[in-house]
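Here's the structure, in structure tokens; my notes come after.
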Ligand code: ADP
Ligand code: MG
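In our numbering, the protein residues as written are -10 to 444.
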């Protein structure tokens, strides 16, 4: 990499990265070290508390860009009680010593892999991969994180694939329930192209190369899937807002997501973009957190229709990558590989926007336990509830985004089936609440229902 130019914290404070990362909610940061003035809001966090307090130095990195500099750790990071991630739990001083000088052939280091989890303590995962080889090289870090997140033992288990939509069971009764309660359905997954660094480790050439392969791929889509690719940097503010309002576009990088601190937002918005078909039911994101996120969505609760289109899109992307002389990152241990350990395996999240007025009333009430009822009910069926505008947002009009929680160790068909069956149960419980059942009745019913499915 040659002699690294010396970069000072002062230099870094002038970069967009600094502005973005220091927007963090200070309440989540290490309370002991946060100066009271920050807590009462009179001094912005960034003026008093540089991020290097958690360790590391700006020593220069071959991937540094004009708008982002990577930290290099020569000693273990100074984790605080605010560091909640599985990475922070896994990275002992011994493991740090063992891996600190390991580097992938594309130049991704342990320092790169852990940076986002060090500078953004609230993250749950806290580490990233910079290319396909990292999944092998940094196994001792990633595998415990994978175990903690998915309950999947990558050392012994194999990941199944099943993209056959005809295997889904969606009964008449379920169909009727979904038609009543579900406003829209979305199924998405991550896909990455072998041979190129992931967005966290990408050079400008990688990003351009990925975009080129994907644009060719999109051009090859036909029939219902045929559509147009829009470069993010060329969208008008009106077009951007249109796409954002409909939940079609990725969020613009903020302090709160993994991608900023991982360097994946370098040179934003270059080579990022969105593809969609004419009816906006098949979409793909380019060079956000992964090379590609494929999305199938439509109004209503016709899960087989959305899953069928998802499988078509997935197959078309695979075939086209292969026709272009490349292949997708995949192996039978980790399934589809990508940037974040939480999106391995199928990388699939199947969600419905479902109207749950009774659960919402409890959530808006004063009883602390009842507020958590939906969360608990969903957890019992391996589901995850989110607000109407994505993770950590509010449920506008009592509409929740409910999806499968697992991604790895189950096939695509199994996960979508788990979502169908779980959401059917959640709707049943919503109906019981409407008919006068109490939260205690619901908890008892959940125990009964989960016991029945385990038999
Ligand atoms: P992901 O991580 O799967 O991309 P996010 O929680 O970041 O999901 O949400 C991305 C966007 O997709 C948000 O705008 C969200 O409202 C939208 N969305 C998620 N599920 C649905 C759905 N079933 N119907 C319509 N929009 C959805
Ligand atoms: Mg997301």
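Think of the CB as a built atom: it goes at the ideal place given N, C-alpha and C, for glycine as much as any other residue. These numbers were taken from a predicted model, which means no experiment stands behind them.
Residues bridged to residue i [DSSP beta-bridge criterion]
| i | result |
| --- | --- |
| residue 273 | 264 and 283 |
| residue 180 | 281 |
| residue 219 | 263 |
| residue 173 | 288 and 342 |
| residue 61 | 46 |
| residue 54 | 57 |
| residue 334 | 324 |
Under the three-state DSSP convention, the category residue i falls into
| i | result |
| --- | --- |
| residue 303 | helix |
| residue 320 | strand |
| residue 92 | strand |
| residue 392 | strand |
| residue 79 | helix |
| residue 373 | strand |
| residue 43 | helix |
| residue 150 | coil |
| residue 325 | strand |
| residue 98 | strand |
| residue 441 | helix |
| residue 416 | helix |
| residue 445 | Past the edges of the chain, shown from -10 to 444, lies residue 445, and the structure says nothing about it. |
| residue 119 | coil |
| residue 257 | coil |
| residue 250 | helix |
| residue 211 | coil |
| residue -4 | coil |
| residue 21 | Residue placement at residue 21 is poorly supported in this model, since its pLDDT is 43, which falls under 50; the coordinates are not used for a value here. |
| residue 195 | helix |
| residue 445 | Outside the displayed range of the chain (-10 to 444) lies residue 445, so it cannot be described from this structure. |
| residue 15 | The pLDDT assigned to residue 15 is 40, lower than 50, so where the model puts this residue is not dependable; a value taken from the coordinates is nonetheless given after this. Three-state DSSP puts residue 15 in a helix. |
| residue 235 | coil |
| residue 313 | coil |
Check: residue i C-beta below 6 Å from any heavy atom of the ligand ADP
| i | result |
| --- | --- |
| residue 174 | yes |
| residue 408 | no |
| residue 340 | yes |
| residue 298 | no |
| residue 396 | no |
| residue 327 | no |
| residue 113 | no |
| residue 290 | no |
| residue 321 | no |
| residue 236 | yes |
| residue 180 | no |
| residue 0 | no |
| residue 279 | no |
| residue 390 | yes |
| residue 177 | yes |
| residue 375 | yes |
Counted within 10 angstroms of its Cβ, other Cβ atoms place residue i as buried (16 or more) or exposed
| i | result |
| --- | --- |
| residue 190 | buried |
| residue 14 | Low local confidence applies: a pLDDT of 41 at residue 14 is under 50, so the model's placement there is unreliable, with the coordinate-based value given in what follows. With fewer than 16 other Cβ atoms within 10 Å, it is exposed. |
| residue 70 | exposed |
| residue 109 | buried |
| residue 316 | exposed |
| residue 406 | buried |
| residue 230 | exposed |
| residue 51 | exposed |
| residue 30 | Residue placement at residue 30 cannot be trusted, given a pLDDT of 47 that sits under 50; what the coordinates show is reported in the next sentence. Result: exposed. |
| residue 177 | buried |
| residue 419 | buried |
| residue 81 | exposed |
| residue 242 | buried |
| residue 390 | buried |
| residue 445 | The chain is shown only over -10 to 444; residue 445 falls outside these bounds and no answer can be derived. |
| residue 437 | exposed |
### Query
For the 8 Å Cβ check, are there 3 or more pairs between the region 263 to 273 and the region 131 to 150?
As far as the Cβ criterion goes, the region 263 to 273 does not touch the region 131 to 150, which means the pair count is below three.
### Query
Are the region 97 to 105 and the region 51 to 65 in contact at 8 Å, needing three or more beta carbon pairs?
Three or more Cβ pairs closer than 8 Å define a contact, and the region 97 to 105 meets that threshold against the region 51 to 65.
### Query
Given 8 Å as the limit, is there contact between the region 299 to 312 and the region 365 to 379, that is, 3 or more CB pairs closer than that?
By the Cβ criterion, the region 299 to 312 is not in contact with the region 365 to 379, since fewer than three pairs of Cβ atoms, one from each stretch, lie closer than 8 Å.
### Task
Indicate whether the contact test is met: 3 or more Cβ pairs, each with one atom in the region 322 to 330 and one in the region 198 to 215, closer than 8 Å.
In this structure the region 322 to 330 does not lie against the region 198 to 215, because fewer than three pairs of beta carbons, one per stretch, are closer than 8 Å.
### Contact between the region 178 to 187 and the region 280 to 294 (3+ Cβ pairs under 8 Å)
These segments touch.
### Query
Does the region 422 to 432 come within contact of the region 344 to 352, defined as at least 3 CB pairs closer than 8 Å?
Because the criterion of three Cβ pairs below 8 Å is met, the region 422 to 432 and the region 344 to 352 touch.
### Contact between the region 212 to 224 and the region 356 to 363 (3+ Cβ pairs under 8 Å)
No, they do not touch.
### Message
Closer than 8 Å is the cut-off here; do at least three beta carbon pairs connect the region 289 to 306 with the region 163 to 176?
### Response
The region 289 to 306 vs the region 163 to 176: in contact.
### Query
With contact counted as at least three CB pairs below 8 Å, one residue from each stretch, are the region 114 to 125 and the region 147 to 166 in contact?
No, the region 114 to 125 does not touch the region 147 to 166.
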